[in-house]
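Peer 1: Got a structure here, written out as structure tokens. Questions coming.
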Amino acid sequence: MLFHADLHVHSKHSRATSRDLDLEHLAWWAARKGIAVVATGDCVHPAWLAEMKDKLVATGDGLFALRPEIEAEVLKTLPPSCRTPVRFMLSTEISTIYKKGERTRKIHHVVYAPDFATADRLAASLGRIGNIASDGRPILGLDSRDLLEVVLESGPQAYLVPAHIWTPWFAALGSQSGFDSIQECYGDLAGHIFAVETGLSSDPEMNWRISSLDGFRLISNSDAHSPSKLGREATRFAGTPNYYAMRRALETGEGYVGTVEFFPEEGKYHLDGHRACNVRLDPQETLAHGGLCPVCGKPVTVGTAHRIETLADRKVGIPPPTAGTVTSLVPLPEMLAEILGSGVASQGVTREYDRVSAALGPDFAILCETPIDDIRRVHPLLGEAVERLRAGRVIREAGYDGEYGVIRLFEDGELKRFSHGDLLFDLPLPPQAAPTPALRVAEAAAEAPAAAPPLPAPSGLSGILAALDADQARAAARVDGPLIVTAGPGAGKTRMLTHRLAHLILERGVPAPACLAITFSRRAAGELRERLAALLPADAGECAIHTFHSLGLAFLHAEGAAAGLPADFRIADERERAAALAAELGVSNAKAARLLKAVSLAKRTGAPPADEESAAALAACRRLGEAGHWVDFDDLVSLPVDILERDPAVAARWQQRFRHICVDEFQDLDARQYRLLQRLAPSAASVCAIGDPNQAIYGFRGADATLFARFAQDFPGAGTLRLGRNYRSTAHIVGAAAQVIGSGTPDDATRPPGEPLTLYVAPDERAEADFIAASIESLLGGHDMLAANRKGAALAGADGGRPLGFADFAVLYRTDAQAAALREAFDRAGIPHRKSSPAPIAGHAMVNALLDALAQQGAQQQTTPLPERLASAVEQLRQEQDAAGQAALAEARRWLATLAADADEAQLRERVALCTEADFWDARAERVSLLTMHAAKGLEFAVVFVAGVEDGLVPFSWGPADAEAGVDDGTVTEERRLFYVALTRARDRLFLTRARERLWRGQRRALPPSPFLADIAPALLREQNAPPRKVNAEQRQFDLF
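As numbered in full-length UniProt numbering, residues 1 to 1041 make up the sequence shown, in order.
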């Protein structure tokens, strides 16, 4: 058995690394890449060591596995073809900086340990030398020889490998190290070194030119600073993953197979050069110029090729007895990026990467083993690229002076020809951006030719706004005075908003901190930040991007004294407020919870309480808040409004601070939020309200869709623009949605008609769920989920037959109660799925239990880092939980661990108060999404099932109770808008399902079809009826015990 190991990575505790570098993400990405053993990194960092002890279990062979419950959760999120358990090896990189021989030495090393006892001894020894808690990769003033001695003393099986030995500044043989051999670096203990890491900028053949390296096994690793970079390079072993066997393989060669390499030209220190002057030199050119840049005259950075040329005692590389096989690869995402003509981190590349992985399996299998014909069936151009890669037919542009090189599989213009039929590949490709080459010496003094003018953009404009269509560009460019932008589904409103902000900052000279963007969820705010960061240079400053509540919290931290708030005020959750109100008024907790809803509605709308009891509850909440130094969620908006209305000086200060304001999802504002906007923006200010009255679905919590009309009155001269083109959905879906909502034009659709909507009528909710599961299996290419993911499937008539993965599917429903049957059906079918809702995590029982456990910890424990305290709280609660409780605890722990990464306990509680379950959406996970219609707002999927399209659910009603109460037209109208939102989440296919009868409110009921279905033209619907369901005896799986 051959397996791959990546034995040099970092954790989230190292500087300049991703926060996603936790054990779960490392395991997820390692499985995705096809890596059997991955290093933990940073194993002497106290917080990381504590987390590893909590999450890992020893496997008895010197390696570790995730605890079973954690591993199960990780594996569930992977495509079935990648669900292989991963083993961890304890490791850490250590930087030593010291003076020796009149030179400063900066050397990096990687250290390995087989157990926590060895890691503890190593950490204790290093802790006496330097600060090992400040950085996951500690920097120590210790001679390399002495560090090796400390490692050897920590345990008999611990060992050290010199890291990326050719990196110019931080490596044993780098051009700036001052050492010309491993023996020089480690002195009398050099005999204990039996392997060296070659780094990204060299390959084994280059190293074989130096005879002093013949006695070392050459290993390659990714040195990943984010989990997605795992496997850039790796080492191959034969046998079963085992720490001791792997150590022995490196020492003796028994079980050592070889390495998987970057093409060395891709490494960022392969050639010499000066990045600031765009000059790249080969070693001979550097020598000819005396080591100086021909443009500026400063010393160039001497790269790996030059350094090896200097030390080489052979003209060509001769494999020594210690040599293994060498395979040079291009990372799969980079190949897809070249094919798609976009960045590796772009959404398009991510989607294709997810799809290919789901269909074909881990990266190493695709690149090295999968038959080319199988790859071509999934992605023709990728098949061509892999075939060229295996044949070594690659185009190389070498890296230099910290700039990664570029390895390409296609010549300029080839991909365009292929898109016109050379590979029978009928998906149009985006235009390919030509790489900017570094200047060679002969070109350095010559002026670069003028770039060709860009092709006219749809908007007819240049600069930032050139990428927008005409309507989007008009909205983005109109930055003087107030503006209302009505933007339908799929119209590109986020794109317009981010380009508007970038236009203000880059082309209108507005300082970034003077721009404020407000949206309605942390997830949406995060997306805005990410997309805006892609448009702005790093030094452009930071634009303020908030939800209304995070903006209010920031305001109260700055101005809370004006409302009598102490500096240490906190946000109280509903549970605490209900208990306090019940005690204050002498009522039950249940009644207190109902009164809190009335209080919340009064605060949101600004209207007086509906009755004396609600008024008394409102007054009591104010007293309790003042006494307890807390505010509630609604106070985060209402208190800033009160301060701004009372204090003109504060209002003037904040109005001056934000000179340009954009508010997304304007239709969801309530009265108080609108008043906050008014107080922040004078009537003539540059304020842009973006939203869609047809997607106003939150009236039940105080949102006021009439604010569009009020805005025009309160901001005189406000312009109005419409973004109507739907770039998301097929014409049939756009047409059906327009008929349901009663607005829209034929011009709104920009895509072909696609498939008609499918209307399926099932005997009951279980048959409905089974139909949805079977349809997903069919669209994925078969009833067997593993086979479906391997083969992929095409959507007839949609996007030229684009294959699908699990993440392309969503099932939407009106109430959470409908999810149970769906989850059971998906479990039976083996379909990975996730259920998400907009519920605040502050109401989650296990979140509250963990927060309570944190509060009850002793004074000494409260001085330890918050992640350690959280791990301790989890362990305390774990002992008391059954299987369901363990799952809920694991979920709560994931949420709080994310929020606690850089917070203290007070900040953690604030973040909990502001978060909903939907904020923890994982875009990478290959799972079908189960969502309420409200939770689906703002999302989109290739295929959408809307379940329970029955009167009583869509529109929702309580039957006779509603009839007696006289449900108003406004409620039905909002339900219609909610159905419209559900329909417009679909890009390619839309299924509407209903049951002839279902268990509803404790009884089996026959519900008629939704009246909204009558609005959809029959030509757009394809109806499918199921035969009556046979009632069989319920099968039961007995427990083992």
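Beta carbons are placed, not taken as given, at the ideal position from N, Cα and C, and that holds for glycine.
(1) Where do the ends of the beta strand (DSSP E) carrying residue 268 lie?
(2) According to DSSP, residue 483 sits in a beta bridge with which residue or residues?
(3) When the Cα atoms are used, what is the spatial distance from residue 189 to residue 939?
(4) Near residue 114, what residues of its chain come up, given a Cβ to Cβ distance below 6 Å and the 5 sequence neighbours on each side ignored?
(5) Quick one: grab the DSSP three-state call for residue 174.
(6) What do you get for residue 977, buried or exposed, if any count of 16 or more other CB atoms within 10 angstroms of its CB means buried?
(7) Out of curiosity, what's the CA-to-CA distance linking residue 606 and residue 672?
(8) Could you tell me the alpha carbon to alpha carbon distance between residue 23 and residue 64, rounded to whole angstroms?
(9) Ends of the alpha helix (DSSP H) at residue 318?
(10) Would residue 132 be called buried (16 or more neighbouring beta carbons within 10 Å of its own) or exposed?
(11) With distance defined between alpha-carbon atoms, name the residue in 153, 639, 550 and 483 nearest to residue 560.
(12) Would you mind reading off the limits of the alpha helix (DSSP H) that contains residue 813?
(13) Under 9 Å, do residue 1055 and residue 162 count as touching if we go by C-beta distance?
(14) Going by DSSP in three states, residue 236 sits in which element: helix, strand or coil?
(15) Assign residue 825 to one of two classes, buried (16 or more other C-beta atoms within 10 Å of its C-beta) or exposed (fewer than that).
(16) With distance defined between alpha-carbon atoms, name the residue in 579, 176, 776 and 464 nearest to residue 104.
(17) Tell me whether residue 15 is buried or exposed, calling it buried when 16 or more other Cβ atoms sit within 10 Å of its Cβ.
(18) Below 8 Å, how does it come out for the segment 583-599 and the segment 552-570: are there three or more Cβ pairs, yes or no?
(19) Spell out the partners DSSP gives residue 89 in its beta bridges.
(20) For residue 476, which residues of its own chain have a beta-carbon under 7 Å away from its beta-carbon, when the five flanking residues on both sides are left out?
(21) Can you tell which of 651, 620 and 567 has the C-alpha that lies nearest to the C-alpha of residue 629?
(22) Got a sec? Which residues, its chain only, sit under 6 Å from residue 984 by beta carbon, not counting five neighbours each side?
(23) Do you know offhand how far residue 893's Cα is from residue 42's?
(24) Assuming residue 806 and residue 927 make a contact with CB atoms under 8 Å, what is their CB distance in whole Å?
(25) Round the Cβ separation of residue 947 and residue 811 to the nearest angstrom and send it over; I've been treating them as touching at under 8 Å.
(26) From what residue to what residue does the alpha helix (DSSP H) around residue 674 run?
(27) Three or more beta-carbon pairs under 8 Å between the segment 675-687 and the segment 640-658, yes or no?
(28) Should residue 172 go down as buried or exposed, given a rule of 16 or more other Cβ atoms within 10 Å for buried?
(29) Give the secondary structure of residue 1022 by DSSP, where H, G and I count as helix, E and B as strand, and everything else as coil.
(30) Hey, which unbroken runs of the beta strand (DSSP E) at 3 residues or more fall wholly within the segment 464-516?
(31) Would you say residue 101 reaches chain B, if we count a Cβ-Cβ gap shorter than 9 Å as a contact?
(32) If you count every other CB in all the chains shown that lies within 10 Å of the CB of residue 589, and 16 or more means buried, which is it?
(33) Please say whether residue 908 and residue 1102 have beta carbons closer to each other than 9 Å?
(34) What number of angstroms, rounded off, separates the C-alpha of residue 383 from the C-alpha of residue 75?
(35) Starting from residue 361 and walking both ways along the beta strand (DSSP E), at which residues does that stretch end?
(36) DSSP puts residue 992 in a beta bridge; with which residues?
Peer 2: For this structure:
(1) Looking up residue 268 in the sequence shown gives position 268. Premise fails: residue 268 is in no beta strand (DSSP E) and is neither H nor E.
(2) Position 483 of the sequence shown, counted from the start, is the residue given in the question as residue 483. Paired residue(s): 688 and 719.
(3) Position 189 of the sequence shown, counted from the start, is the residue given in the question as residue 189. Position 939 of the sequence shown, counted from the start, is the residue given in the question as residue 939. Cα to Cα, residue 189 sits roughly 59 Å from residue 939.
(4) Counting from one through the sequence shown, the residue named residue 114 turns up at place 114. Taken in chain order, the residues that qualify are 62, 157 and 243.
(5) Here residue 174 is taken as the residue at index 174 of the sequence shown, counted from 1. The answer is coil: DSSP assigns residue 174 none of H, G, I, E or B.
(6) If you number the sequence shown from 1, residue 977 lands on position 977. Residue 977 comes out buried.
(7) Within the sequence shown, the letter at position 606 stands for residue 606. Within the sequence shown, the letter at position 672 stands for residue 672. C-alpha separation (whole angstroms): 6 Å.
(8) For this step, residue 23 is matched to residue 23 along the sequence shown. For this step, residue 64 is matched to residue 64 along the sequence shown. Roughly 11 Å between the two C-alpha positions.
(9) Translated into the one-based positions of the sequence shown, residue 318 becomes position 318. Taken as a continuous stretch (DSSP letters only), residue 318 belongs to no alpha helix (DSSP H), as it is neither H nor E.
(10) Translated into positions along the sequence shown, residue 132 becomes position 132. Answer is buried; the Cβ neighbour count reaches 16.
(11) Translated into the one-based positions of the sequence shown, residue 560 becomes position 560. Selected option, being the one with the closest Cα: 639.
(12) Residue 813 sits at position 813 when you count from the first residue of the sequence shown. Taken as a continuous stretch (DSSP letters only), residue 813 belongs to no alpha helix (DSSP H), being part of the beta strand (DSSP E) at 809-813.
(13) An answer regarding residue 1055 cannot be provided, because it is not within the stretch 1 to 1041 covered by the chain.
(14) Residue 236 sits at position 236 when you count from the first residue of the sequence shown. Residue state, collapsed to three classes: strand.
(15) Along the sequence shown, one-based indexing puts residue 825 at 825. By the neighbour-count rule (16 or more Cβ atoms within 10 Å), residue 825 is buried.
(16) Walking along the sequence shown from the start, residue 104 turns up at place 104. Among 579, 176, 776 and 464, the Cα nearest to that of residue 104 belongs to 176.
(17) Along the sequence shown, one-based indexing puts residue 15 at 15. Residue 15 is exposed by the Cβ-count criterion.
(18) no
(19) Residue 89 sits at position 89 when you count from the first residue of the sequence shown. In DSSP, residue 89 forms a bridge with 39.
(20) Along the sequence shown, one-based indexing puts residue 476 at 476. Cβ neighbours of residue 476 beyond the five flanking positions: 465, 468, 496, 499, 500 and 503.
(21) Translated into the one-based positions of the sequence shown, residue 629 becomes position 629. Minimum Cα distance to residue 629 is reached at 567.
(22) Locating residue 984 in the sequence shown gives position 984, counting from the first residue. Cβ neighbours of residue 984 beyond the five flanking positions: 489 and 737.
(23) Residue 893 sits at position 893 when you count from the first residue of the sequence shown. Residue 42 sits at position 42 when you count from the first residue of the sequence shown. Using only the alpha carbons, I get a separation of about 22 Å.
(24) Position 806 of the sequence shown holds residue 806. Position 927 of the sequence shown holds residue 927. The pair is a contact, with the Cβ atoms about 5 Å apart (cut-off 8 Å).
(25) By 1-based counting over the sequence shown, the position of residue 947 is 947. By 1-based counting over the sequence shown, the position of residue 811 is 811. 6 Å between Cβ atoms; contact.
(26) As a working mapping, residue 674 is identified with position 674 in the sequence shown. Unbroken alpha helix (DSSP H) run through residue 674: 671-680.
(27) yes
(28) Reading the sequence shown from its first residue, position 172 is the one you call residue 172. With 16 or more Cβ atoms within 10 Å of its Cβ, residue 172 is classed as buried.
(29) The residue given as residue 1022 occupies position 1022 in the sequence shown. Residue 1022: strand per DSSP, three-state reduction.
(30) 483-487
(31) Given the protein chain composition of this structure (a single chain), no chain B is represented.
(32) Working through the sequence shown from its first residue, we reach residue 589 at position 589. Exposed: under 16 other Cβ atoms inside 10 Å.
(33) The structure shown does not extend to residue 1102, since the chain is modelled only from 1 to 1041, so the question has no answer here.
(34) Within the sequence shown, numbered from 1, the residue matching residue 383 stands at position 383. Within the sequence shown, numbered from 1, the residue matching residue 75 stands at position 75. Whole-angstrom Cα-Cα distance: 27 Å.
(35) Here residue 361 refers to the residue found at position 361 of the sequence shown. Note, residue 361: premise wrong, no beta strand (DSSP E); not H, not E.
(36) Locating residue 992 in the sequence shown gives position 992, where the first residue counts as 1. The partner list for residue 992 (beta bridge, DSSP) reads 759 and 946.
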